[in-house]
Amino acid sequence: MTPAVTYELIKKDKQTGARLGIVHTPHGSFETPAFMPVGTQATVKTMSPEELKEMKAGIILSNTYHLWLRPGHEIIKEAGGLHKFMNWDRAILTDSGGFQVFSLSDMRKIEEEGVHFRHHLDGSKLFLSPEKAMEIQNALGSDIMMAFDECPPYPASHEYMKASVERTSRWAERCLEAHSRPEDQGLFGIVQGGEFEDLRRQSARDLISLDFPGYAVGGLSVGEPKEVMNQVLDFTTPLLPENKPRYLMGVGSPDALIDGSIRGIDMFDCVLPTRIARNGTLMTSEGRLVVRNAKFARDFRPLDENCDCYVCRNYSRAYIRHLIKAEESFGIRLTSYHNLYFLMDLMEQVRQAIREDRLGDFREEFFEKYGYNKPNAKNF
Ligand SMILES: [Zn+2]
1 MTPAVTYELI KKDKQTGARL GIVHTPHGSF ETPAFMPVGT QATVKTMSPE
51 ELKEMKAGII LSNTYHLWLR PGHEIIKEAG GLHKFMNWDR AILTDSGGFQ
101 VFSLSDMRKI EEEGVHFRHH LDGSKLFLSP EKAMEIQNAL GSDIMMAFDE
151 CPPYPASHEY MKASVERTSR WAERCLEAHS RPEDQGLFGI VQGGEFEDLR
201 RQSARDLISL DFPGYAVGGL SVGEPKEVMN QVLDFTTPLL PENKPRYLMG
251 VGSPDALIDG SIRGIDMFDC VLPTRIARNG TLMTSEGRLV VRNAKFARDF
301 RPLDENCDCY VCRNYSRAYI RHLIKAEESF GIRLTSYHNL YFLMDLMEQV
351 RQAIREDRLG DFREEFFEKY GYNKPNAKNF
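All residue numbers for the sequence shown refer to the UniProt record's numbering, where the first residue is 1 and numbers rise by one.
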């Protein structure tokens, strides 16, 4: 049986070793390194599927936890699956629900069987297990499913993390057994282990022995300093198979996308671009721009003078500032569009730099222009 999801390595950047590749899925292929816009509730907030295609999104992410609780995975299955339900015919990745259980719910109890917790809105009792996470994701019909793992808080002790890694490996095995549609959905394993090299090694070894079609690096971007994330990637990605995609979960700031690519990561996702857009914060080629600020009241230039997106071609900072201040939903649509486009375009520039063996130079230029090199720079 050919796996539902496969990876093709095109070339490596001679300066950094970053990978240019293609991930093939039942709903089309996308080039990597890639950023995946997040559509938590089966919608990338305020964006239509047509707009996502305009910005060349080949894959989006959706959240199992939220869709399970509302509207319920049975309804989505009845609709013909998540692609049909939300009118998106390209690839979809769903998480396992684990991260939300561990981050949203404070009343939780972890057992070998799974996790007992309370609904983050109505307080009702719920239970999520490897088998349940597979049942929900099989019903949603995502192209890439994620194994159910434990997401320990940061920082956690070595002792706690070791027990957690071992449980996550046992859960991964149960996920594989429970996965009922391996011919049309690819299941990725998640390497955990916090900042401990021996545990990352143990986790990678356990999961690779189960032969998943792709691997995620989990448990990062949970509050640790950026240097720690980069150090963990430095010793973790080399443990992963060359012929399978690697996904760094929950990362979407421009510097982390570039630094992750340099460390051999192929896929990223984050709510950051749309979340900051909703309060009027933009990513631009010259750094962070807070369009609410008074100094933009009479600024009739586009959000980013170097951006050719629909928003920057048609609207001014002054107009968008007005919309955001007046709490008009069109303002949020425009800022969300620009921020997503900015990251999609950044990843295209990263891929182009890999093609031309100059990602190291690109990083230096980008960091300088974006302001990452300034001391105490406020940045995303
Ligand atoms: Zn723009």
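Even glycine gets a Cβ: it sits at the ideal position worked out from N, Cα and C.
Can residue i and residue j be called in contact, C-beta distance under 8 angstroms?
i: alanine 163; j: glycine 189; result: no
i: isoleucine 59; j: methionine 36; result: yes
i: valine 165; j: leucine 199; result: yes
i: proline 33; j: glycine 186; result: no
i: lysine 14; j: aspartate 259; result: no
i: histidine 66; j: glutamine 41; result: yes
i: isoleucine 320; j: valine 291; result: yes
i: proline 273; j: leucine 340; result: yes
i: aspartate 345; j: valine 38; result: no
i: histidine 116; j: lysine 109; result: yes
i: threonine 64; j: aspartate 95; result: yes
i: isoleucine 208; j: leucine 233; result: no
i: valine 191; j: serine 221; result: no
i: residue 382; j: serine 316; result: Nothing can be reported for residue 382, as the shown portion of the chain is limited to 1 through 380.
i: proline 245; j: methionine 267; result: yes
i: serine 336; j: alanine 256; result: no
Does the beta-carbon of residue i, which I'm using as the reference point, lie nearer than 7 angstroms to any heavy atom of ligand 1?
i: leucine 303; result: yes
i: histidine 338; result: yes
i: tyrosine 370; result: no
i: valine 311; result: yes
i: tyrosine 341; result: yes
i: cysteine 307; result: yes
Identify whether residue i lies in helix, strand or coil by the three-state DSSP scheme.
i: residue 409; result: Lying before the first or after the last residue shown, residue 409 is absent from the chain, which here runs from 1 to 380.
i: arginine 118; result: strand
i: methionine 229; result: helix
i: alanine 256; result: helix
i: glycine 360; result: helix
i: isoleucine 110; result: strand
i: arginine 333; result: helix
i: arginine 292; result: coil
i: aspartate 345; result: helix
i: tyrosine 372; result: coil
i: tyrosine 319; result: helix
i: residue 410; result: Because the chain here runs from 1 to 380, residue 410 falls outside it and cannot be looked at.
i: valine 222; result: coil
i: tryptophan 171; result: helix
i: tyrosine 310; result: helix
i: serine 209; result: helix
i: alanine 326; result: coil
i: residue 386; result: Shown here, the chain extends from 1 to 380; a query on residue 386 therefore has no answer.
i: aspartate 13; result: coil
i: phenylalanine 102; result: helix
i: asparagine 339; result: helix
i: alanine 133; result: helix
i: asparagine 138; result: helix
i: methionine 47; result: coil
Taking the DSSP output, what are the residues bridged to residue i?
i: isoleucine 22; result: Glu8, Glu31
i: leucine 61; result: Val38, Leu93
i: threonine 284; result: Gly287
i: methionine 146; result: Phe188
i: phenylalanine 268; result: Phe35, Leu248
i: valine 217; result: Val191, Leu248
i: leucine 126; result: Phe117
Using CA atoms only, rank isn't needed, just tell me which of the options is closest to residue i.
i: serine 253; options: Phe380, Leu20, Val101; result: Phe380
i: serine 48; options: Trp88, Leu104, Asn279, Glu74; result: Trp88
i: serine 142; options: Met86, Ile110, Phe300; result: Met86
i: threonine 43; options: Phe148, Lys84, Leu289, Pro130; result: Lys84
i: glycine 80; options: Pro241, Asp122, Asn138, His116; result: Asn138
i: arginine 174; options: Ile208, Pro130, Arg205; result: Pro130
i: phenylalanine 362; options: Ala18, Gly214, Thr6; result: Ala18
i: proline 155; options: Met1, Lys53, Ile354, Pro225; result: Pro225
i: glutamate 113; options: Lys132, Ile136, His119; result: Lys132
i: leucine 359; options: Thr237, Ala277, Pro26, Ser261; result: Ser261
i: asparagine 293; options: Glu183, Thr281, Arg301, Glu286; result: Thr281
i: serine 103; options: Pro153, Glu183, Gln231; result: Pro153
i: isoleucine 136; options: Leu93, Phe342, Gly219, Ser124; result: Leu93
i: arginine 181; options: Glu368, Met1, Lys369, Glu365; result: Met1
i: methionine 249; options: Ser62, Glu51, Lys369; result: Ser62
i: serine 203; options: Ala178, Arg167, His73; result: Arg167
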